[in-house]
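FYI, the working numbering numbers position 125 of the sequence shown as 114, with every residue one higher than the one before it. Even for Gly, the Cβ is constructed at its ideal location relative to N, Cα and C.
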Amino acid sequence: MTEKMAYEISEKGPKVADYDFRQPQRLFKDQLGTVEEIYRIFGQSLATSLGAHARIPLEVKVEKVRQLPYSDFMSSLAQPLCLGIIDIESWKGLSLVEVSTNIILTIIDRLLGGQGEIKGTESQRGLTEIELEVAKGIFGRMMENIRVAWADIDQLSLKLKSVITSLDRAQIFPPEEVVIVAVLGIKTGNLEGIIRHCIPHTLIEPITERLTPQYKYSAEQEMRVSAETVEKLRQGMQEVPITVIAELGVAQIGVGDILGLQVGDVLKLTTKADGNLILKVGDRKKFLCRPGVIGNKIAVQVTQVE
């Protein structure tokens, strides 16, 4: 066989697809699509809940879902670092959530009574001990949103182990470990950052068959309930107790003032003396009301439905 003939035969034979050993693909395209949909739900849920909690407008959108070695994820971590280590107890393993420091500082400043305006080099500094404690609460809320987003696939049990700011402490997995990384863009005002959730493929592997469109369709079929069942649930909900809170007012003070508070100090609230109070159902503002007294108990009268 001549060299030319051999070349022509090889051209007509089956083609071998390229495989990038540095970027191993453990999930199929449709499975990655399902993971992307999960984090689209996560982004919407987080923007609503965390935005309302911090009283700032938040926009959170999934950008991409990647598969890569953990060493590549490590090399892309920003400094200063804000990384939550989350124990997925139901999967018996750890995952990592990274939030841009400028975003976390802005939310923390807002929660502590500031205006949420972090500018210049201030947005690039590390977190103080007090800010780390507040950050843990933020990650706690994010975990609830992760649970909601994954609910159709699995019921996750999550526990925050720690929040770290040192790159040295981020050596959680072996460098060659394949991880699935969901990347989301987060924006408030003119400030932009990212949120990344990094999960080892070994944790997801046992439930990968649930990440297919066929599984989702099957699950939806099983979850269909009759109109009678829905009515019974609705009637049962009528008896569920809900906490209602009358909010006297809000005071915006700095961290230094908080640390210096003593017995007898007076805080000026934003509510006017003759103004309405906010009446919350759970964490949501639902009514306006006026305070009063019934017998020997403080009471409120609803004046407006929000």
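I'd like to check one pair, residue j with residue i: are the Cβ atoms closer than 8 Å?
i	j	result
residue 15	residue 167	yes
residue 77	residue 156	no
residue 172	residue 161	no
residue 17	residue 73	no
residue 243	residue 103	yes
residue 59	residue 164	yes
residue 233	residue 257	no
residue 177	residue 45	yes
residue 43	residue 85	no
residue 240	residue 278	no
residue 75	residue 192	no
residue 93	residue 71	yes
residue 263	residue 199	no
residue 276	residue 294	yes
Exposed or buried, which one is residue i when buried takes at least 16 other CB atoms within 10 Å?
i	result
residue 87	buried
residue 117	exposed
residue 288	exposed
residue 91	buried
residue 32	buried
residue 120	buried
residue 37	exposed
residue 138	buried
residue 247	exposed
residue 20	buried
residue -6	Bear in mind that a pLDDT of 46 at residue -6, under 50, signals an unreliable position, so the number given afterwards is only what the model happens to contain. It is exposed - the Cβ of residue -6 has fewer than 16 other Cβ atoms within 10 Å.
residue 65	exposed
residue 41	exposed
residue 290	exposed
Have a look at the options and flag the residue whose alpha-carbon is nearest the alpha-carbon of residue i.
i	options	result
residue 62	189, 181 and 115	189
residue 179	200, 231, 220 and 107	107
residue 281	272, 266, 273 and 274	266
residue 130	174, 39 and 82	39
residue 297	198, 185 and 254	Look at the range of the chain in this structure, -10 to 295, and you will see that residue 297 is not part of it.
residue 53	187, 295, 238 and 192	187
residue 150	96, 124, 278 and 142	124
residue 68	48, 75, 89 and 49	89
residue 48	181, 22 and 169	181
residue 23	169, 126 and 41	169
Express the C-alpha separation of residue j and residue i in angstroms, rounding to a whole number.
i	j	result
residue 35	residue 284	43 Å
residue 28	residue 51	6 Å
residue 292	residue 272	19 Å
residue 82	residue 175	26 Å
residue 114	residue 230	44 Å
residue 80	residue 153	22 Å
residue 57	residue 140	25 Å
residue 98	residue 122	13 Å
residue 30	residue 274	23 Å
residue 202	residue 25	13 Å
residue 126	residue 250	22 Å
residue 252	residue 159	42 Å
residue 221	residue 133	27 Å
residue 261	residue 286	22 Å
Would residue i count as contacting chain D if we go by Cβ distances under 8 Å?
i	result
residue 276	Among the chains in the structure shown there is no chain D, since it carries only a single protein chain.
Problem set entry | Residue ranges of each beta strand (DSSP E) within the region 131 to 165, 3 or longer | 147 to 153
Exercise. In chain order, which continuous runs of the beta strand (DSSP E) of length 3 or greater are located wholly inside the region 51 to 139?
Worked result: 72 to 77 and 82 to 88
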